[in-house]
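Participant: In this text, residue positions in the sequence shown follow the numbering used here: the first is 5, and each later residue adds one.
Don't be surprised by glycine CBs; every beta carbon is placed ideally from N, CA and C.
Keep in mind it's a predicted model, so treat the numbers as computed, not measured.
Have a look at this one before I ask anything.
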Amino acid sequence: MKFPKRRKRGDNPYTIYYSDSSKQYFVSFKDDKNNMNCITVSKEIFEAFNQFELDDISQMNEYDRHIEHSQISEITLNKKLLNKMLTVEECVENDIRYQNIYSSILKLPFNQARRLILFYFYNLKQNEIAKIDHCSIRAVQYTLKVALKNLKKILKETS
5 MKFPKRRKRG
15 DNPYTIYYSD
25 SSKQYFVSFK
35 DDKNNMNCIT
45 VSKEIFEAFN
55 QFELDDISQM
65 NEYDRHIEHS
75 QISEITLNKK
85 LLNKMLTVEE
95 CVENDIRYQN
105 IYSSILKLPF
115 NQARRLILFY
125 FYNLKQNEIA
135 KIDHCSIRAV
145 QYTLKVALKN
155 LKKILKETS
């Protein structure tokens, strides 16, 4: 019987093996004086050690798959924030960007700007905008498509 080489946890002091020549099961380990000892064991004890090793490997694999191995520090915790605090520079850049977009939207024709704002900023669905405007959904879709195209042109011209 050959067993594949298994990875072991550092605190696992023993190794199990089977000798084909003597048809015996063995457990080897180091004692407290760091001397290697090897003892013959019964098949039942060998199978118990084997099952323990397999369970240990399974537990190590579970740990590797599901538990994070990074050090917890202020930097790693900051990276994991859902609502991350922005720096002053990032806030200013975002404000400038939003002002630029807002002023560009105001340059669009009234109907395009209104439908764009309703759709993207008020999160209304296209059919809801169509009901408000008493028009077809296709008309709203077309207006949004043209509005985005025009908005891109305006933003390219201003930058």
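For M64, report the span of its alpha helix (DSSP H) as first-last.
Facilitator: For this step, residue 64 is matched to residue 60 along the sequence shown. From DSSP, the alpha helix (DSSP H) with M64 extends over K47 to H70.
Participant: Would you please state the rounded distance, in angstroms, between the beta carbons of L148 and R119? I believe it to be under 8 Å.
Facilitator: As a working mapping, residue 148 is identified with position 144 in the sequence shown. As a working mapping, residue 119 is identified with position 115 in the sequence shown. At roughly 6 Å, the Cβ-Cβ gap stays under 8 Å, so L148 and R119 are in contact.
Participant: So what does F114 bridge to, in DSSP terms?
Facilitator: As a position in the sequence shown, residue 114 is number 110, starting the count at 1. Paired residues: none, contrary to the question.
Participant: Along the chain, where does the alpha helix (DSSP H) that runs through I158 open and close?
Facilitator: Locating residue 158 in the sequence shown gives position 154, where the first residue counts as 1. From DSSP, the alpha helix (DSSP H) with I158 extends over I141 to T162.
Participant: Whose C-alpha, out of R69, H70 and K88, is nearest the C-alpha of E78?
Facilitator: Counting from one through the sequence shown, the residue named residue 78 turns up at place 74. If we check each option's Cα against that of E78, K88 comes out closest.
Participant: State the beta-bridge partners of M40 as determined by DSSP.
Facilitator: Position 36 of the sequence shown, counted from the first residue, corresponds to residue 40. Partner(s): K34.
Participant: Does DSSP put S26 in a helix, a strand or coil?
Facilitator: As a first step, residue 26 is located in the sequence shown; it is residue number 22 there, counting from the start. Shown here, S26 sits in coil according to DSSP, grouped into three states, outside any helix or strand.
Participant: Between F30 and T44, which are expected to be in contact by the criterion C-beta below 8 Å, what is the C-beta distance as a whole number of angstroms?
Facilitator: The count along the sequence shown starts at 1 and reaches residue 30 at position 26. The count along the sequence shown starts at 1 and reaches residue 44 at position 40. Between T44 and F30 the Cβ distance is about 6 Å, and since that is below 8 Å, they are a contact.
Participant: Where does the unbroken alpha helix (DSSP H) through K135 begin, and where does it stop?
Facilitator: Position 131 of the sequence shown, counted from the start, is the residue given in the question as residue 135. Looking at the DSSP string, the run of the alpha helix (DSSP H) that includes K135 is Q130 to D137.
Participant: Report back the beta-carbon spacing between S108 and L152 to the nearest angstrom; my notes put them in contact at under 8 Å.
Facilitator: On the sequence shown, position 104 is the one that residue 108 refers to. On the sequence shown, position 148 is the one that residue 152 refers to. That belief does not hold up - the Cβ atoms of S108 and L152 are roughly 11 Å apart, past 8 Å.
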